[in-house]
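Participant:
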Amino acid sequence: MLRWFPENISTFGGEIDSVFRFIYYIVGFWFLLTEGAIFYFLLRYRSGPRRAASYIRGERWAELAWILVPAAIVLVLDLGIDAAGARAWARIKEELPADAIQLRVTAKQFNWEITYPGPDGRFDTGDDRTLENELHVPAGRDVVVALTSKDVIHSFFLPNVRLKQDVVPGRTIRAWFNATKPGRYELACAELCGFGHYNMRGFLTVHAPADYENWVREMWPTVAAGADSEG
Amino acid sequence: MHATATPQTAALPQHAEELSFLRSYVFSTDHKVIGKQYLSLGLFMALVGGFTAYLIRWQLAWPETAVPGWDYVEPDFYNVLVTMHGTIMVFFVAMPILLGAFGNFLIPLMVGAPDMAFPRLNMMSFWTIFLASAVLLASFFVPGGAAAAGWTGYAPLSADPLYTGVDWGLTLWILALALEFASFLMGGVNFLTTAINMRAPGMTLLRLPLLVWMQLTAAVLFMLSVGPLIAGAILLLLDRTVGTGFFLPARGGDPLLWQHLFWFFGHPEVYVILLPGLGILLEIFPVFTRKPIFGYRAILYSTLIAGGLSFIVWAHHMFVSGINARLATPFSVTTILISVPFAVIVFAMVATLRGGVARFPTAMLFAIGALATFIVGGVTGIFLGSATVDIFLHDTYFVVAHFHYTLFPSALLGAFAGLYYWYPKMFGRMLNETLGKIHFWVTILSFNAVFLPLFLAGAGGHMRRIYNPLQYDFLKGMQPLHEFVTIAAIVLLLGQLPLVVNFFWSLFAGAKAPENPWQANTLEWTTSSPPPHGNFPTPPRVYRDPYEYSRPGNPRDWMPQTAPLAAVAADPAPS
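Chains S and W supply the protein sequences, listed in that same order. Quick note: the first sequence uses our numbering, first residue 58, plus one each step. Quick note: the second sequence uses our numbering, first residue 121, plus one each step.
(1) Exposed or buried, which one is E389 (chain W) when buried takes at least 16 other CB atoms within 10 Å?
(2) Name, please, each residue of chain W whose Cβ falls closer than 9 Å to the Cβ of P266 (chain S).
(3) Quick check: is the beta carbon of P226 (chain S) nearer than 8 Å to any beta carbon in chain W?
(4) Within the same chain, show all residues whose beta-carbon is closer than 8 Å to that of L424 (chain W), passing over the 5 residues directly before and after it, in chain order.
(5) DSSP has A203 (chain S) in a bridge; who is on the other side?
(6) What residues from the stretch 405 to 425 of chain W come within 8 Å of chain S, judged by C-beta to C-beta, listed N to C?
(7) Report yes if the CB atom of F408 (chain W) is closer than 8 Å to the CB atom of A320 (chain W), and no otherwise.
(8) Buried or exposed: which applies to D156 (chain S), given that a residue is buried once 16 or more other Cβ atoms fall within 10 Å of its Cβ?
(9) Spatial neighbours of E603 (chain W) within its chain, please: C-beta separation below 7 Å, excluding the five flanking residues on both sides.
(10) Can you find the residues in the same chain that come closer than 8 Å, C-beta to C-beta, to E120 (chain S), ignoring five residues on each side of it along the sequence?
(11) For A298 (chain W), decide whether its Cβ has a neighbour in chain S, counting only Cβ atoms nearer than 8 Å.
(12) Decide if L326 (chain W) is buried, meaning its Cβ has at least 16 other Cβ atoms within 10 Å, or exposed.
(13) In chain S, what lies closer than 8 Å to D591 (chain W) by C-beta?
(14) Round the Cβ separation of G505 (chain W) and T455 (chain W) to the nearest angstrom and send it over; I've been treating them as touching at under 8 Å.
(15) Over the uninterrupted beta strand (DSSP E) stretch that includes D223 (chain S), give me the two end residues.
(16) Considering only DSSP beta bridges, list what Y173 (chain S) is partnered with.
(17) Kindly list, in the order they appear in chain W, the residues whose Cβ is closer than 7 Å to that of P216 (chain S).
(18) Taking C-alpha atoms, which residue in W:N588, W:G307, W:Y663 and W:D359 lies nearest to L341 (chain W)?
(19) I want to check one thing, is the minimum distance from the CB of Q222 (chain S) to the heavy atoms of the ligand NAD below 7 Å?
(20) Whole angstroms is fine: what's the gap from F433 (chain W)'s alpha carbon to F628 (chain W)'s?
(21) What residues from chain S crowd round G442 (chain W), counting only those whose CB sits closer than 7 Å?
(22) Just grab the DSSP bridge partners of T262 (chain S) for me.
(23) Give me the Cα-Cα distance between A370 (chain W) and I443 (chain W), rounded to the nearest whole angstrom.
(24) Near R186 (chain S), which residues of its chain fall below 8 Å by C-beta distance, leaving aside the five closest residues on each side in sequence?
(25) Just to confirm my understanding: we take V225 (chain S), look at its own chain, exclude 5 residues before and 5 after, and list those with CB closer than 7 Å. What are they?
(26) Have a look at W:I511, W:L590, W:F211 and W:G476 and flag the residue whose alpha-carbon is nearest the alpha-carbon of P216 (chain S).
(27) Can you give the Cα-Cα distance for G227 (chain S) and N199 (chain W), rounded to whole angstroms?
(28) Could you give the distance in angstroms between the alpha-carbon of G153 (chain W) and the alpha-carbon of L219 (chain W)?
(29) For a cutoff of 8 Å on Cβ pairs, would you count S530 (chain W) as touching chain S?
(30) Measure the CB-CB distance between I350 (chain W) and F301 (chain W) and report whether it falls below 8 Å.
(31) How is L627 (chain W) classed by DSSP in three states: helix, strand or coil?
(32) How about the stretch 167 to 179 of chain W and the stretch 201 to 210 of chain W: do they share at least three Cβ pairs that are nearer than 8 Å?
(33) Nearest-angstrom Cα distance between T314 (chain W) and W178 (chain W)?
(34) By the criterion of Cβ-Cβ separation under 9 Å, what are the contact partners of A608 (chain W) in chain S?
(35) Cα separation between M215 (chain W) and I393 (chain W)?
(36) Assign K411 (chain W) to one of three DSSP states: helix, strand, or coil.
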């Protein structure tokens, strides 16, 4: 199952994958144990001549221990899974990094509008640029996206970044990521949003640092001369 | 807990006059007839739901090609299909069959009552869901088509016709659900009252068969959770029809409110469907291993705990919905905690199988198949219960595979087990075992061939409810998987033909069923097959637990609940 995961290109994607792997081995063990017991018991105790079933009601503690002790182990493992997950969740979803590139993403049936603040680093100024379905970020930088929707609920999904966040009309929801590997990846809508839902596709382009400066110069040719590439 | 129920059964209805055909088979107040009516409705709706699955699967495997026996599936109709498939299967197949059919048929028989406490209410509950089904099916034919906002009906998509182009269809969808809820509220009241107040003398609460406990828990969960959703449905209806804005931000509303109301109901609803299915397995395992249930009380208390926990886990459907991120971890903890009571129930079932004398008629095969597949659904829930992993897996095929692995074992494999097991009692004929075993093997193999690969698709990030996966480069490699799954799904659907043939052939030509063909203990097997109007010629008196199989000192390996204590006077009974 683990081989099916899309390539991870984000700083926190590895944490999500390792929590998945942690759960995978724990539940895999219990799955094999329980299924094995079922099939072993059924084959071992299938009906035959001169055999009688044993009369065990499982009402005494000594008998119940056979199921309560494993259940107690399940409880302990559950708490371990919770702890592992809670740490990763807090880092990924509960806090936003300081000093990040700020972008606005507006979802609508059936497009993503990505607004860049331009060289002045501020929104709602003359050098803002909005691109449809094209999300450009430099590799290795924290990026915060402010997600809003013009109509219904969409879900901002970057499979390779392991980031998914619903986009809810009437709210601005902030999410962050840090993509480490340059390349062009897909951005998908993961929440049913109407008849064009399946086609609400965009692209994430992760630029190597030098390449990113070239892209900025192309986007803001007049102001780029003296300005930093700070997005 | 040892108080004996009052002997309500003393007042058996004596029906001297012949009832008309209409009163006997259509507007009947007999719980057994009503149970069969629910069964027929559920099986019919399963055909509709199965056909939607066929259209969905064809479109996914061979996108935008004409579906054999149909036409091209357009994107907006695809959304109708996924919406109606979920709605039909959960509300119009699983609930009518598990609660409506088995609950209705079995609860009065198992507690030793002549009928439900409120027979006319019972009849009304069936005709209400009949009307609900008619409204739902009619919504396919109104201008604009049927609801297309997903079975979860997320607002604002569902709240304004502007967003989907569906106008009347979605309004009828709300109406159909409202009627369906009303129907099951009436049913729930009946189930509770009957099982609490109409137990035969000696049928203490801890002598109730576990199936009855499961049905009771399901009824309580449903009644406690459905209120918020009914409120939500009314608000949604107002948004659509009179222009309020409860869920529309432009008019001051909040879309997440709908999700809270929906899932506060939605999660207990999962157990409303799951528990009666588990109850069926719990009746079948002791009979075909000739052993008592291992840990009756452990199972009972675990069920009640799981039912209670199911009210405080709903936000696990909303980890990435935009709720306060600090809510995720507490809901993650409660969600994953539910694995403990279910682990106890599953381990108790496994322990029941140990040391028995196992026989494998079709009913037992389906019960084992249901348990073995349900475990897959259970363990994969842990992944989704972890908020961290859910960031990636939410709204992917991993979720689709997971809930099919929990609901299919209960609502279909469990129901099939129950059907093969109680068909003799329902219809007075035995089902054909050869056809039954063909049905079992085709179903279990093709079911796993459909849904195991979908876990892989989900791990690959494949979103659900995507009309044409070929739109995405990262999904293109999964097309062979889609084709394989679709072929398996067609086999699964065709694999139900042996059941259809068996059902109707046995109705007329099956071997006559004796009173107690499986040598089982519970009360329904102490009366004729099928039982007469009023169920028991003389009111039964209960002396013992429902699972007294292979008790030492007893010459037979079974002992009906009505066997008096004197029958085992010489027995050194472990208390």
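Glycine is no exception: its CB is placed at the ideal position from the N, C-alpha and C atoms.
Facilitator: In short:
(1) buried
(2) Near P266 (chain S) there are no residues of chain W at all, since even the closest Cβ is about 25 Å away, more than 9 Å.
(3) yes
(4) T337
(5) S:R161 and S:R231
(6) T409, R410, K411, P412, I413, F414, G415, Y416, R417 and A418
(7) no
(8) exposed
(9) A181
(10) I113 and R114
(11) no
(12) exposed
(13) The amino acid at residue 591 (chain W) is misidentified as Asp; the sequence shows Gln. The answer, in chain order, is Y255, N256 and R258.
(14) 4 Å
(15) L220 to V224
(16) S:R186
(17) G581 and F594
(18) W:G307
(19) This structure lacks the ligand NAD; in fact it carries no ligand of any kind.
(20) The question names Phe, but residue 433 (chain W) in the sequence shown is Val. Computed Cα separation, rounded: 48 Å.
(21) D223, V225, R228 and I230
(22) S:H193 and S:R241
(23) 19 Å
(24) T172, Y173, G175, M276 and W277
(25) S206 and I210
(26) W:I511
(27) 24 Å
(28) First, the residue type needs correcting, since residue 153 (chain W) is Val and not Gly in the sequence shown. Cα to Cα, V153 (chain W) sits roughly 14 Å from L219 (chain W).
(29) no
(30) yes
(31) helix
(32) yes
(33) 45 Å
(34) Residues of chain S passing the Cβ test: none, with the nearest at roughly 18 Å.
(35) 6 Å
(36) coil
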